[in-house]
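Asker:
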Amino acid sequence: MCGRYVIARTPGQLALPFDARVDDSIGEGAEPNWNVAPTHTVPVLLERLTEDGQLLPETHAARWGLVPSWAKEISVGSKMFNARSETVMEKPSFRAAITARRCAIAADGYYEWQAPASGRGRKQPYYVHPRDGSVIWFAGIYEWWRIPEGSEDSARPGQSRPGRAAQDDDPGQWLLSCSILTREAPDPSSGNPHLAALGALHNRLPMGMGEDFAREWIAPDNDKDHTRALLERAVAHSLDVAGQWRMHPVSTDVGSVRSQGAHLVEPVQTLL
């Protein structure tokens, strides 16, 4: 599971390795978010099909928590911030997106909570991050949801849907949303101590990718067999990526979604 994460880099910095265009919906210098929670707006990397048939990478603003195109209300997305890799190809909410609308969701690291061994007391939050300070690119999926005219949601900032002809679109009336894929966590008895620690922390693991794999992941297609094979490779690849992550305990202040600041990722001492 991944229910909180950190993205402190600007969309411009994230776009640079991919030579991606930064969409007007997000801008080059969006503020850092040290405590991203579901329903927050986050930067995502996706590919857009141009009128001349070329695929171009772009960084967009998306709501974290996928809202299926057929959903009647935006609120359904608040519980769909994660998608299980084992069932994403079959779930009605996700199966269309995993084939045709894959994205990469950038993070500096993420938070996970661990219950005391005794089963009593307050859970301890940990910050998980790459040991070399690089970006985590979470394997993600996205959807476009048309904001109903005259609804309360029509007051939300929308955007034009990429790949749609101008005459067929209603600029500013589409909501882009996303979800992070997860896999089964490593075995706590794993020979790799870092993977073992992640397995002991939680039974689910967000699927991270390197830059090269992220480029392949975001390329859209409509072939289910290709998608299934790509997904299997992504699950395996994510374990290699996670092997380079490290973790340390952090302040319980991160439990409040209102808490912000770099101090949230600083190590703290815990009572054994």
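Here the sequence shown is numbered in the numbering used here, starting from 120 and rising by one per residue. We treat Cβ as the ideally placed atom computed from N, Cα and C, and that holds for glycine. Bear in mind that the values here come from a model prediction, so they are computed numbers and not experimental data.
1) Would you check if the distance between the CB atom of PHE200 and the CB atom of GLY122 is smaller than 9 Å?
2) Report the three-state DSSP secondary structure of GLY131 (helix, strand or coil).
3) Between VAL387, VAL373 and GLU385, which lies nearest to ASN154 when the distance is taken from Cα to Cα?
4) Report yes if the CB atom of ILE126 is closer than 9 Å to the CB atom of PRO162, and no otherwise.
5) Mapping DSSP to helix, strand and coil, what is PHE257?
6) Entirely within the stretch 302-362 and at least 3 residues each: give me those beta strand (DSSP E) ranges in chain order.
7) Near TRP232, what residues of its chain come up, given a Cβ to Cβ distance below 6 Å and the 5 sequence neighbours on each side ignored?
8) What would DSSP say about SER296, mapped onto helix, strand or coil?
9) Whose C-alpha, out of MET208, GLN379, GLU170 and ARG334, is nearest the C-alpha of LEU133?
10) Looking only at its own chain, which residues have a Cβ that is under 7 Å from the Cβ of PRO136, when we skip the five neighbours before and after it?
11) Excluding five sequence neighbours on each side, which residues of the same chain lie with their C-beta closer than 7 Å to the C-beta of ALA316?
12) For ASN322 and ARG203, what's the separation of their Cα atoms in angstroms?
13) Does DSSP put GLY374 in a helix, in a strand, or in coil?
14) With a 10 Å radius around its C-beta and 16 neighbouring C-beta atoms as the bar for buried, classify HIS356 as buried or exposed.
15) Given this structure, state the Cα-to-Cα distance separating GLU351 from TYR229, to the nearest angstrom.
16) Within the continuous alpha helix (DSSP H) that includes ALA219, where are the two ends?
17) Between ARG221, THR389, ASP142 and GLN173, which has its C-alpha nearest LEU185's C-alpha?
18) Starting from ILE145, follow its DSSP beta bridges and name the residues at the other end.
Answerer: By the coordinates alone:
1) yes
2) helix
3) VAL373
4) If you check the CB distance, ILE126 and PRO162 come in under 9 Å.
5) strand
6) 323-325
7) LYS242 and PRO244
8) strand
9) ARG334
10) GLU330
11) MET366
12) 12 Å
13) Annotated three-state conformation of GLY374 is helix, per DSSP.
14) buried
15) 23 Å
16) Going by DSSP, ALA219 is part of the alpha helix (DSSP H) stretching over 214-219.
17) ARG221
18) In the DSSP output, where bridge partners are listed per residue, ILE145 has none listed.
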